[in-house]
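Residue numbers (our numbering): 705 to 1000.
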């Protein structure tokens, strides 16, 4: 019976049992699609990453939720690169490095360095932002258990993608975020019908001084009722905030997970051409909490 090395890595934190836990299989050669999906379902983290050989990049990485594969994922990228540095497969002894990962959406660079506290800091470049269909705020509000008036009136509810399409829902305050009572069946149905992966709800208030926004994230159709800290959606949110003039700062920090007892921080970098965001990067650190093997 073959066994594979597996880790659980908490991303967007330097503290164990905070941030977002991710399964990482750093040598996934030989696993079939069904086996990867079964492992992701068994680990039951919001996502599990599988590292494979690539002829086009340094690594090929695939991401699975407990229910399905997705094209791009933020916290698994942070967790995966942390795990590969830990194993010595990415060498930081000579200073910062850039590696390229092959994803189903193409090749994307990742910049990795040690920060002042010797934590592995991973900067993930995401895909160019794409702005999709606008959604009915009343329907979304009903699925989230809030009133339509709790959603910002002067900004759309819209699907945005930097690699994974996700609904962006700007709400008025932290109080609204605390009051969310999602109907997961309804949210999941909307995601399936609307052909987007998940629902990202955020406000421009923060719990800690110096931070720019706070968010919650739901991916009911992917088997993830609530995701603690979401890198891909933070990137799409940053593009959205820039496009609609809500935040025109090139660098800032976003909070997520605090209301789940798993606080995490995502650093954001935005490149723009006037009103249009053209480049998005998110950054964070991670910590390994478990090492073991899984039988296949």
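Note that beta-carbon positions come from the ideal geometry of N, C-alpha and C, so glycine has one too.
Worksheet item: Between residue 754 and chain D, is there a C-beta pair that is closer than 7 Å?
Response: Looking at the structure shown, chain D is missing, and only one protein chain is on hand.
Worksheet entry | Neighbourhood of residue 778 by C-beta, 7 Å cutoff - its chain only, sequence neighbours within 5 removed | What you label residue 778 is simply residue 74 of the chain shown in a count that begins at 1. The answer, listed in chain order, is 828, 934, 935, 936, 938, 939 and 986.
Worksheet item: Starting from residue 708 and walking both ways along the beta strand (DSSP E), at which residues does that stretch end?
Response: Locating residue 708 in the chain shown gives position 4, counting from the first residue. That run of the beta strand (DSSP E) goes 707-715.
Fill in: Nearest-angstrom Cβ-Cβ length linking residue 944 and residue 864, presumed shorter than 8 Å
Your numbering for residue 944 matches position 240 in the chain shown. Your numbering for residue 864 matches position 160 in the chain shown. The pair is a contact, with the Cβ atoms about 5 Å apart (cut-off 8 Å).
Discussion item. Beta-carbon within less than 7 Å of residue 720's beta-carbon, same chain only, minus the 5 sequence neighbours each way: which residues are those?
Written reply: Walking along the chain shown from the start, residue 720 turns up at place 16. Answer for residue 720: 714, 991 and 993, listed in chain order.
Discussion item. Could you give the first and the last residue of the continuous beta strand (DSSP E) run that contains residue 977?
Written reply: As a first step, residue 977 is located in the chain shown; it is residue number 273 there, counting from the start. Per DSSP, residue 977 belongs to the beta strand (DSSP E) from 968-977.
Fill in: Proximity below 7 Å, CB of residue 743 to CB of residue 775
Indexing the chain shown from 1 puts residue 743 at position 39. Indexing the chain shown from 1 puts residue 775 at position 71. No. Outside cutoff.
Worksheet entry | residue 872: first and last residue of the uninterrupted beta strand (DSSP E) it sits in | On the chain shown, residue 872 is found 168 positions in, with the first residue counted as 1. Residues 869-874.
Worksheet entry | Cβ-based burial, residue 722 [other Cβ within 10 Å; buried from 16] | Taking the chain shown and counting its residues from 1, one reaches residue 722 at position 18. Under this definition residue 722 is a buried residue.
Practice prompt. Could you check the C-alpha separation between residue 831 and residue 867 for me, to the nearest Å?
Written response: Residue mapping note: residue 831 aligns to position 127 of the chain shown, counting from 1. Residue mapping note: residue 867 aligns to position 163 of the chain shown, counting from 1. So the alpha carbons of these two residues sit roughly 5 Å apart.
Fill in: Given 8 Å, three or more beta-carbon pairs between the stretch 920-931 and the stretch 888-908
yes
Discussion item. Rounded to whole angstroms, what is the Cα-Cα separation between residue 842 and residue 950?
Written reply: Locating residue 842 in the chain shown gives position 138, counting from the first residue. Locating residue 950 in the chain shown gives position 246, counting from the first residue. Between residue 842 and residue 950, the C-alpha separation is close to 21 Å.
Discussion item. What does DSSP give as the partner residue(s) for residue 959 in the beta ladder?
Written reply: In the chain shown, the residue the question calls residue 959 occupies position 255. BP columns for residue 959 point to 918 and 969.
Worksheet item: Between the beta-carbon of residue 859 and the beta-carbon of residue 839, is there less than 7 Å?
Response: Locating residue 859 in the chain shown gives position 155, where the first residue counts as 1. Locating residue 839 in the chain shown gives position 135, where the first residue counts as 1. Not in contact: residue 859 and residue 839 (Cβ atoms no closer than 7 Å).
Worksheet item: Between residue 919 and residue 877, what straight-line distance do the alpha-carbon atoms span, to the nearest angstrom?
Response: For the purposes of this step, residue 919 is taken as residue 215 along the chain shown, with counting starting at 1. For the purposes of this step, residue 877 is taken as residue 173 along the chain shown, with counting starting at 1. Straight-line Cα distance between these residues: approximately 10 Å.
Item to complete: Using three-state DSSP, classify residue 733 as helix, strand or coil.
Response: If you number the chain shown from 1, residue 733 lands on position 29. Reduced to three states, the DSSP call for residue 733 is coil.
Worksheet item: When the Cα atoms are used, what is the spatial distance from residue 972 to residue 736?
Response: Taking the first residue of the chain shown as position 1, residue 972 is located at position 268. Taking the first residue of the chain shown as position 1, residue 736 is located at position 32. About 35 Å.
Item to complete: Give the straight-line distance between the Cα atoms of residue 902 and residue 853, rounded to the nearest whole angstrom.
Response: On the chain shown, residue 902 is found 198 positions in, with the first residue counted as 1. On the chain shown, residue 853 is found 149 positions in, with the first residue counted as 1. Roughly 22 Å between the two C-alpha positions.
Practice prompt. Find the nearest neighbour of residue 753 within the set 904, 999 and 711, judged by alpha-carbon distance.
Written response: Indexing the chain shown from 1 puts residue 753 at position 49. It is 711.
Fill in: Range covered by the alpha helix (DSSP H) that runs through residue 904
As a first step, residue 904 must be located in the chain shown, where it is residue number 200. Taken as a continuous stretch (DSSP letters only), residue 904 belongs to no alpha helix (DSSP H), being part of the beta strand (DSSP E) at 902-907.
Practice prompt. Check each candidate in 757, 798, 847 and 958 and name the one with the smallest Cα separation from residue 915.
Written response: The sequence position of residue 915 within the chain shown is 211, counting from 1. Closest option to residue 915, Cα to Cα, is 958.
Practice prompt. Excluding the 5 residues preceding and the 5 following residue 730 in the sequence, name in chain order all residues of the same chain whose CB lies nearer than 8 Å to its CB.
Written response: On the chain shown, position 26 is the one that residue 730 refers to. 709, 711, 755, 784, 787, 788, 791 and 793, listed in sequence order.
Worksheet item: residue 850 and residue 880 look like a contact to me (Cβ under 8 Å); what is the Cβ gap, rounded to whole Å?
Response: As a first step, residue 850 is located in the chain shown; it is residue number 146 there, counting from the start. As a first step, residue 880 is located in the chain shown; it is residue number 176 there, counting from the start. Residue 850 to residue 880, Cβ: 6 Å. Contact.
Worksheet item: CA-CA distance, residue 929 and residue 825?
Response: Along the chain shown, read from residue 1 onward, the residue named residue 929 stands at position 225. Along the chain shown, read from residue 1 onward, the residue named residue 825 stands at position 121. When rounded, the distance between both Cα atoms is 28 Å.
Worksheet item: So who's on the other strand from residue 997, going by DSSP bridges?
Response: One-based indexing of the chain shown puts residue 997 at position 293. DSSP lists 709 as partners of residue 997.
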